[in-house]
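In what follows, a single structure is set out as structure tokens and then discussed.
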Amino acid sequence: MPAVLEVRELAKTFGGINAVNGVSFDVHDGEILGIIGPNGSGKSTLFNCILGQLTPSAGEVRLDGRAITGMRPSDLNLLGVGRTFQLLQVFPQLSVRENLILAGQEHLGSIWSRLAGRPDAGLTGAANRMIEFFRLAVVADERAGALSYGQQKLLDVAMAFMAGPRLVLLDEPAGGVNPTMLANLRERLRAINETAKATFVVIEHNMEFVMSLCTRVLVLDEGRIIAEGAPETIRDNHDVIEAYLGH
Amino acid sequence: MTRARTARVIAAAVVVAAIVAPFTLKPYGIYLLSLWAVMTIAAIGLNLTLGYAGQISLAQASFVGIGAYTAAILTTQGWPLAAAFVLAMALCFAIGWLLGYPALRVQHHYLAFVTLSFATLVFLVLRNEEWLTKGVYGISGIPRPTVLGWSTQGPVDFYFFCLGVLALVSAATWWIIRSPWGRAFMALRENPIRASSLGVDTRRYTLMAFAIGSVLGGISGVLYAPLVQFIEPNAFALGLSFNLLLMVIVGGSGYFYGPFLGAVVSVLLPEWLRFSEGLYLILYAVFVMILMAYFPSGLLGLAEGLIKRAGKPAPGPALPTRDGDAS
Amino acid sequence: MADILQLLVAGLATGGIYALVAIGFVLLWQTSQTINFAQGEFVMVPAFFVLAAMKLGGLSFPVAMLLGFLVTVVVLGLLFKRLLVDPIIRHGVLPLVISSIALAIFLKESVKEFYAADAQPFPAAWATTNLTVGGAVVAVQNLVIIAVAVVAVAALQYFLAGTRTGRRMQATAQNPGLARILGIPVERMILYTFLINAGLVALASFLVSPIYLAKFSNGETLGLVAFIAAIIGGFNQVRGAIVGGLLLGVIDNFVAAYLSAQYRGAIPLFLLIAVILFRPQGLVGRVEERTV
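Protein chains in written order, with my numbering: chain A, 122 to 368; chain B, 2 to 328; chain C, 30 to 321.
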């Protein structure tokens, strides 16, 4: 399988502390890669360095063999990399549909055609399909800020898929979501993975969620990868248990 | 959508009133109405920058000043006002674009002070560069234009000229905020980090928000000069920037009709209430403070809240909401 | 050489006043995220409290000054916080910015409407003569201003670093959430900063008014320069406000003497823009790098 994303010796230091300390891994086409690790192990920092939110101190990131290190988040997204954040990030004053249309609009035409052309050309249909798919139809015209937490989470994830990305990085998608909603989310993610051939990287604390969703798991501790493998081998790995249960 | 219909009915009534009113007023009343139209244009520009794109600017008066001085200098030397429009819009676009750069690095109060400083700089240039602006003596005898054979010399004619430009500006702004640009501006206001992760080029949109808002300030200035026919630097000092900011906020920042209403409160109301200027400003200031304490979304936000409360509960399933999500 | 000494003393005096105003500004921001756009008017108003006490109350200057100080602390400290900041800060920074702009208009227009529109002489509590030091002519009042500013800043620093209440205030400024968990009465600490700010602006008012006379519009430039001083020095530190204030005062006097009196007002603005673009944490400020 060819690598969609290659991360090589990536490092980030904050005032002498190595938050990410020389991390290398590949993400293969079509897989769902889980990244787990105790709090403060550098997972979110790793995401933010890959996605241009932070400038890495050292190392390189390649997308389909092309260097993307330090590229701006908006340009990365236009190259087909979607993401969600650890905390909820929707646009509270816009309606659910408007949130989704926004998530797709920058991928169509030039900035000038977006000013001159018919607003929302083609996007409303795509947004409606996404609303159906994530079962948000009853709230489609509500302000996103008025939705329940779980619904906002679904919208947040839906936005990341709106432009049909080939690689999506999800930062704790299960955080704060109730079990019913969680099952819904997992099923949606699997469906997108199979039908749209999208590749995922998932940071997650919820072990059960990771083990049931991911095809491969990396374990991060103190900014380094300490284990890698299929979910069932990771579950029994001595170092992983050590990292979680304390030093 | 009853709310949209209510807004449309009110807007139509205001348009009719704006067309009929000058025939019932003395010249001073017509002058005030013209001033209202001119200030509304500048406030619409600021509403785009601040209300929609969320970038605070205390320099809107500077762009009104740049527009007014462009018009004054060109037309007193025999150039047509159309040339002033073109030059002022180009100047304001370029300067507004540059003013946007600090907004890429700093936000909120820092941005307020940067724009405030820029406004002070423009004021100093207008006051000190006498070879160009005649300094504190100001520029007088600014002619009113003849548009395609229609002389706008009389107060009613010039008023309709201003109203026409206001209509064009409103239509253009309406187009922008309904286009994907408007949505991107709002995304910038609500969550720039999330917006950039969805492909929104936040740099370009931020600069564009400043540039377009500034262009509208410039258009307002190009009309202001022939309206008052005498301009001097003090008219474009910080006081006007604050005043325009209050217009946007009091009317309802981020509401399309907010600037129209805000300019009524700031330009027309003091005359109708016949207070002395000082006393009106004191009461106005108290009103703004109370408004901010209870209805920070301005008069239109207040009206919307009242309509919602008066109307029946919205149909559809009741949804759990979380407090503070909108903040 | 004598010229330079003369300008330096004048510059430090101006800078001392800027620093007093800027310190208060920074304290309010640190403890309560209050951006006070009326800070300049806060310096303008206390002088009128004193003048009103003398003219309407028939009090002698020292008594009026003491009364003016107390009224300032109550009105611009306590009432400002209770009536304006407390109800509005929960809506966010922008509404507070707007209402402090409105407050500035309110104070300015009230003084103009109800007291006087023209500049009012304000008595000085010290000699207004000049001293000659090694060929340089130095105004006594500049020395007094420097002395008062130094004493005030030293007292404040001692209070913040050397007393229990001061340290609790610093804790509140750095991390209000943690301070609350530690049992520090955060609300009272925030109130203290408002009172201290009011005291500082009253002091600045009494120092500056004998020189520039008391006028309703005095706050406009003073407020702006104090903000700029705070940002140039470093918005998150009292030390920054002091450095920024002194620097601006000295630069101001030298520019006016050697470069351009017309554009002396522009120098702080260029400095501000340069600092914001190239060193947004301020000259002595610390970088705060945060993850998303």
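The beta-carbon is built from N, C-alpha and C at its ideal position, and this holds for glycine as well.
For S221/B, the first and last residue of its enclosing alpha helix (DSSP H): In the second sequence, residue 221/B corresponds to position 220, counting from 1. That run of the alpha helix (DSSP H) goes T203 to V229.
Buried/exposed call for Y256/B, threshold 16 Cβ in 10 Å: For this step, residue 256/B is matched to residue 255 along the second sequence. Per the 10 Å Cβ criterion, buried.
Y47/C versus M218/C, E138/C and S234/C, residue with shortest Cα-Cα distance: Numbered from its first residue, the third sequence carries residue 47/C at position 18. Residue S234/C is the option with its Cα nearest to Y47/C.
Span separating the alpha-carbon of D324/B from that of L268/A: By 1-based counting over the second sequence, the position of residue 324/B is 323. By 1-based counting over the first sequence, the position of residue 268/A is 147. Bear in mind that the predicted position of D324/B carries a pLDDT of just 34, short of 50, making it unreliable; the figure below should be weighed with that in mind. So the two alpha carbons sit approximately 10 Å from each other.
Cβ of D158/B within 9 Å of any chain A Cβ: Sequence index remark: in the second sequence, residue 158/B carries index 157 (1-based). By this cut-off, D158/B is not an interface position.
Span separating the alpha-carbon of F54/C from that of L220/C: Here the question's residue 54/C lines up with position 25 in the third sequence. Here the question's residue 220/C lines up with position 191 in the third sequence. Spanning the two alpha carbons is a distance of roughly 14 Å.
DSSP-derived helix/strand/coil call for Q327/A: One-based indexing of the first sequence puts residue 327/A at position 206. In the sequence as displayed, the identity of residue 327/A is Asn instead of Gln. N327/A: coil per DSSP, three-state reduction.
Within 7 Å of chain B by C-beta, residues of the region 301-325 of chain A in sequence order: none
Nearest-angstrom Cα separation, counted from L262/B out to G150/B: Counting from one through the second sequence, the residue named residue 150/B turns up at place 149. Counting from one through the second sequence, the residue named residue 262/B turns up at place 261. G150/B and L262/B: Cα-Cα distance of roughly 33 Å.
Below-9 Å beta-carbon distance, M192/A vs any chain B residue: For the purposes of this step, residue 192/A is taken as the residue at position 71 of the first sequence. Chain B, which has no Cβ nearer than 9 Å to the Cβ of M192/A, makes this no.
Presumed contact (8 Å Cβ cut-off) between F237/B and V39/B, rounded CB distance: For this step, residue 237/B is matched to residue 236 along the second sequence. For this step, residue 39/B is matched to residue 38 along the second sequence. The Cβ separation is near 13 Å, so there is no contact.
Spatially closest choice to I156/A from H359/A, R345/A and S178/A, by CA coordinates: Numbered from 1 along the first sequence, position 35 holds the residue referred to as residue 156/A. It is R345/A.
I57/B in three-state terms, based on DSSP: By one-based count along the second sequence, residue 57/B stands at place 56. In the structure shown, I57/B sits in coil (DSSP, three-state: anything other than H, G, I, E or B).
Contact set between the region 108-137 of chain B and chain C, restricted to residues whose Cβ is under 7 Å from the partner: H109, H110, Y111, A113, F114, V115, L117, S118, T121, L122, L125 and N129
Three CB pairs or more closer than 8 Å across the region 232-246 of chain B and the region 133-145 of chain B: yes
Under 9 Å between C-beta atoms of Q210/A and S198/B: Looking up residue 210/A in the first sequence gives position 89. Looking up residue 198/B in the second sequence gives position 197. Going by C-beta atoms, Q210/A is nearer than 9 Å to S198/B.
Length of the line joining the Cα atoms of A124/A and E349/A: Numbered from its first residue, the first sequence carries residue 124/A at position 3. Numbered from its first residue, the first sequence carries residue 349/A at position 228. Straight-line Cα distance between these residues: approximately 16 Å.
Short Cβ contact (9 Å threshold) for E113/B with Y225/B: Sequence index remark: in the second sequence, residue 113/B carries index 112 (1-based). Sequence index remark: in the second sequence, residue 225/B carries index 224 (1-based). According to the sequence displayed, residue 113/B carries Ala and not Glu. Cβ distance not < 9 Å, so A113/B and Y225/B don't count as in contact.
Contact set between Q207/A and chain B, taken where Cβ atoms lie within less than 9 Å: Start at 1 with the first residue of the first sequence, and residue 207/A comes out as number 86. None at all; the shortest Cβ gap to chain B is about 12 Å.
Cutoff 9 Å: M251/A Cβ touching any chain B Cβ: As a first step, residue 251/A is located in the first sequence; it is residue number 130 there, counting from the start. Taking Cβ atoms only, chain B never reaches closer than 9 Å to M251/A, which makes this a no.
As assigned by DSSP and simplified to three states, the class of S289/C: Counting from 1 along the third sequence, the entry for residue 289/C is found at position 260. If DSSP states are grouped into helix, strand and coil, S289/C belongs with coil.
Chain-order list of residues whose beta-carbon lies under 8 Å from that of L189/C (same chain, five-residue window excluded): As a working mapping, residue 189/C is identified with position 160 in the third sequence. So the qualifying residues of the chain are G195, R196, M198, Q199 and V267.
Check whether A42/C and G311/C have beta carbons under 9 Å apart: By one-based count along the third sequence, residue 42/C stands at place 13. By one-based count along the third sequence, residue 311/C stands at place 282. Result no, Cβ atoms of A42/C and G311/C do not sit closer than 9 Å.
I283/B versus V140/C - alpha carbon distance: In the second sequence, counting from the first residue as 1, residue 283/B sits at position 282. In the third sequence, counting from the first residue as 1, residue 140/C sits at position 111. So the alpha carbons of these two residues sit roughly 10 Å apart.
Short Cβ contact (9 Å threshold) for V223/B with A44/B: On the second sequence, residue 223/B is found 222 positions in, with the first residue counted as 1. On the second sequence, residue 44/B is found 43 positions in, with the first residue counted as 1. Not in contact: V223/B and A44/B (Cβ atoms no closer than 9 Å).
Same chain only: Cβ atoms within 6 Å of V221/B, ignoring 5 sequence neighbours per side: Here the question's residue 221/B lines up with position 220 in the second sequence. In the sequence on display, residue 221/B carries Ser and not Val. Closer than 6 Å at the Cβ level, and outside the excluded window around S221/B, lie V39, I42, A43 and V65.
C-beta contact flag for I178/B and L49/B at 9 Å: Numbered from 1 along the second sequence, position 177 holds the residue referred to as residue 178/B. Numbered from 1 along the second sequence, position 48 holds the residue referred to as residue 49/B. In this structure, L49/B lies closer than 9 Å to I178/B by Cβ.
F71/C vs L108/C beta-carbon contact at 9 Å: On the third sequence, residue 71/C is found 42 positions in, with the first residue counted as 1. On the third sequence, residue 108/C is found 79 positions in, with the first residue counted as 1. Against a cut-off of 9 Å, the Cβ pair of L108/C and F71/C comes out as no contact.
Simplified DSSP state of A173/B, which is helix, strand or coil: Against the second sequence, residue 173/B aligns to sequence position 172. Three-state DSSP puts A173/B in a helix.
Residue range of the unbroken alpha helix (DSSP H) whose run includes H228/A: Reading the first sequence from its first residue, position 107 is the one you call residue 228/A. Run containing H228/A: none; DSSP gives neither H nor E here.
DSSP bridge partner residues for T161/C (one or two, in chain order): Position 132 of the third sequence holds residue 161/C. Bridge partners of T161/C: V166/C.
Through-space distance from G271/A to E227/A, alpha-carbon basis: Counted from its first residue, the first sequence places residue 227/A at position 106. Counted from its first residue, the first sequence places residue 271/A at position 150. E227/A and G271/A: Cα-Cα distance of roughly 26 Å.
Inter-residue spacing [alpha-carbon to alpha-carbon] between T201/C and P214/C: Within the third sequence, the letter at position 172 stands for residue 201/C. Within the third sequence, the letter at position 185 stands for residue 214/C. Their backbone Cα atoms lie some 9 Å apart in a straight line.
Beta-carbon gap between L144/C and A93/C smaller than 9 Å: Residue mapping note: residue 144/C aligns to position 115 of the third sequence, counting from 1. Residue mapping note: residue 93/C aligns to position 64 of the third sequence, counting from 1. The sequence given here has Tyr at residue 144/C, not Leu. No, they are not a contact pair.
Continuous alpha helix (DSSP H) assignments of at least 4 residues falling wholly in the region 178-224 of chain C: 193-203 and 205-210
Backbone secondary structure at L312/C - three-state DSSP: Taking the first residue of the third sequence as 1, we reach residue 312/C at position 283. Note: L312/C maps to coil in three-state DSSP.
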